[in-house]
Ligand code: NAD
């Protein structure tokens, strides 16, 4: 059984309960982590509070150096960590390496630099305005990009001069342990980074409510985010929320349809559809709709489902039996509400493992459950539109606003439509994801931004001194 990392030491939990870590491809238990308790949160928050004055007074270059060393070590251990993520989360190994491990290393490096370059002082009239670290940060993260989501919080928090208590997801927690080892090895002072594994309603809620915590940064479902925000409100903590999505991919009539569908399907199915920013709604002009459905079905058939360690696998298992059952319920619901299943479905593609076939629905109408709710599996809906205004209205008509895409003959035309979308990110003609650009949601997709300079600003307070 693993231990907690508190005050610079590996420590037994105050609770003797544990959580099994399961390999979703084999359904076998591969490890156990402590199911932490409120007493553990007490110790970790105390350690983080004690470490705060010292860490917040380190120079930017000292913090930058430690984060840079950690990024280097993460790169050195990337093969082993990618295998860990392929095993506890089910991401295909190549993707686990490139996106789940090396991308977080890039983000960590970016904060090693930003720690030093982000301006902390400015002048306005007779005032000197300074930015200071907010204090102790509670970070609560999900399982779908288990290391990336952690780095998106911990790297800017540490760069800002904050100390951290992290609760990783109980579903895929192992990468977080590797990160704690890395921070220990590079010599991060005791208490600056603390790891308490456990369940959301126990450890997560204790963190959100804790009086020594100044800020909670949460990534996960909208339902849990709402609960975290309510608990944090009692002590008026700052709250950053990265929540769900139901992003639209608008294909305008003059776009390269074949390319837009191909890239759109890939975006929807990446990480077995377990991506908050996935373009799960493909919005296609009525005149091109049948052709788009045909192209999407053809593309979906090329998505081989299988063992994450097999090079030919494009879609691994979903992370858990719970997640698979949830996705299957949505596929059934889509059919009950009259959408037309044109690829995939609820058949189990393999005897063992939490797999779901890449699934495509046609004849999806605005307002259907599968058009409105986040499924978090490899399920694509194609929705027809008749005018540009209608396409924009369909795209904007969900409670979410995290990401999206627009395809058109020219960049200017696509940008003009993208400006009308109430969403935090838009890919223009397939523009690739940029891990240094601000990421976050409008509406119920969240509050605040991660990544880049804006991600760092989240962890800073502002003080004006009148001279
Ligand atoms: P989840 O909400 O179940 O869990 C996320 C984290 O919150 C876990 O660590 C969990 O233990 C904890 N948690 C659960 N209930 C809690 C509570 N009552 N109080 C405090 N903490 C609690 O989400 P999940 O199933 O792990 O992840 C999938 C969700 O995350 C999806 O909705 C997805 O869209 C979202 N997500 C969003 C982003 C983003 O950046 N916007 C990124 C990744 C995932």
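Residue numbers (our numbering): 458 to 924.
From the three backbone atoms N, C-alpha and C, an ideal C-beta is built for every residue, glycine too.
- Of the residues 888, 548, 648 and 663, the one whose Cα lies closest to the Cα of residue 493 is 663.
- Checking the DSSP bridge columns, you'll see residue 923 partnered with 584.
- Here residue 512 carries a helix assignment [DSSP, helix/strand/coil].
- Around the C-beta of residue 565, 16 or more other C-beta atoms lie within 10 Å, and the residue is accordingly described as buried.
- Our two residues, residue 600 and residue 896, have alpha carbons roughly 18 Å apart in a direct line.
- Our two residues, residue 545 and residue 804, have alpha carbons roughly 23 Å apart in a direct line.
- Sixteen is the threshold: when 16 or more other Cβ atoms of the shown chains lie within 10 Å of the Cβ of residue 838, as they do, the residue is buried.
- In the DSSP secondary-structure assignment, residue 462 is bridged to 467 and 652.
- By the criterion of at least three beta-carbon pairs nearer than 8 Å, the segment 862-878 is not in contact with the segment 754-773.
- By the C-beta criterion, the segment 610-622 is judged to be in contact with the segment 905-921, since at least 3 inter-stretch pairs fall below 8 Å.
- Not one heavy atom of ligand 1 sits closer than 7 Å to the Cβ of residue 899.
- Around the beta carbon of residue 658, fewer than 16 other beta carbons sit within 10 angstroms, so the residue counts as exposed.
- Taking the Cβ of residue 685 as the reference point, at least one heavy atom of ligand 1 falls within a distance shorter than 7 Å.
- If you look at residue 758, you'll find it in the alpha helix (DSSP H) that goes 746-758.
- Not one heavy atom of ligand 1 falls within 7 Å of the beta-carbon of residue 634.
- Contact between the segment 581-594 and the segment 556-573 is not established, with fewer than three Cβ pairs separated by less than 8 Å.
- Counting C-beta atoms within 10 angstroms of its own C-beta, residue 924 has fewer than 16 neighbours from the protein chains shown and is therefore classed as exposed.
- Taking a contact as a CB-CB distance under 8 Å, the pair residue 816 and residue 796 does not count as one, their CB atoms being some 11 Å apart.
- Shortest gap from the CB of residue 601 to any heavy atom of ligand 1: under 7 Å.
- With contacts defined as CB atoms closer than 8 Å, residue 714 and residue 749 qualify as a contacting pair.
- DSSP places residue 561 in no beta strand (DSSP E) but in the uninterrupted alpha helix (DSSP H) bounded by 560-574.
- Here residue 832 carries a coil assignment [DSSP, helix/strand/coil].
- Distance from the C-beta of residue 695 to the nearest heavy atom of ligand 1 is not below 7 Å.
- DSSP, reduced to helix, strand and coil, places residue 764 outside both helices and strands of the structure shown, so it counts as coil.
- The alpha carbon of residue 537 has as its nearest neighbour, out of 528, 526, 550 and 525, the alpha carbon of 550.
- Around the beta carbon of residue 578, fewer than 16 other beta carbons sit within 10 angstroms, so the residue counts as exposed.
- Per DSSP, residue 664 is one residue of the alpha helix (DSSP H) stretching across 662-666.
- In the structure shown, residue 601 falls within a coil segment according to DSSP collapsed to helix, strand and coil.
- For residue 658, the shortest C-beta to heavy atom distance toward ligand 1 is below 7 Å.
- By the C-beta criterion, the segment 728-745 is judged not to be in contact with the segment 510-521, since fewer than 3 inter-stretch pairs fall below 8 Å.
- Residue burial is scored here from C-beta neighbours: residue 624 has at least 16 other C-beta atoms within 10 angstroms and is therefore classed as buried.
- Per DSSP, the beta-bridge partners of residue 623 are 596 and 652.
- Nearest neighbour of residue 780 by Cα position, chosen from 730, 769, 762 and 768, turns out to be 730.
- At least one heavy atom of ligand 1 falls within 7 Å of the beta-carbon of residue 624.
- In this structure, residue 605 and residue 502 do not form a Cβ contact; the two beta carbons are roughly 25 Å apart against a cut-off of 8 Å.
- An exposed status is given to residue 809, since fewer than 16 other beta-carbon atoms sit within 10 Å of its beta-carbon.
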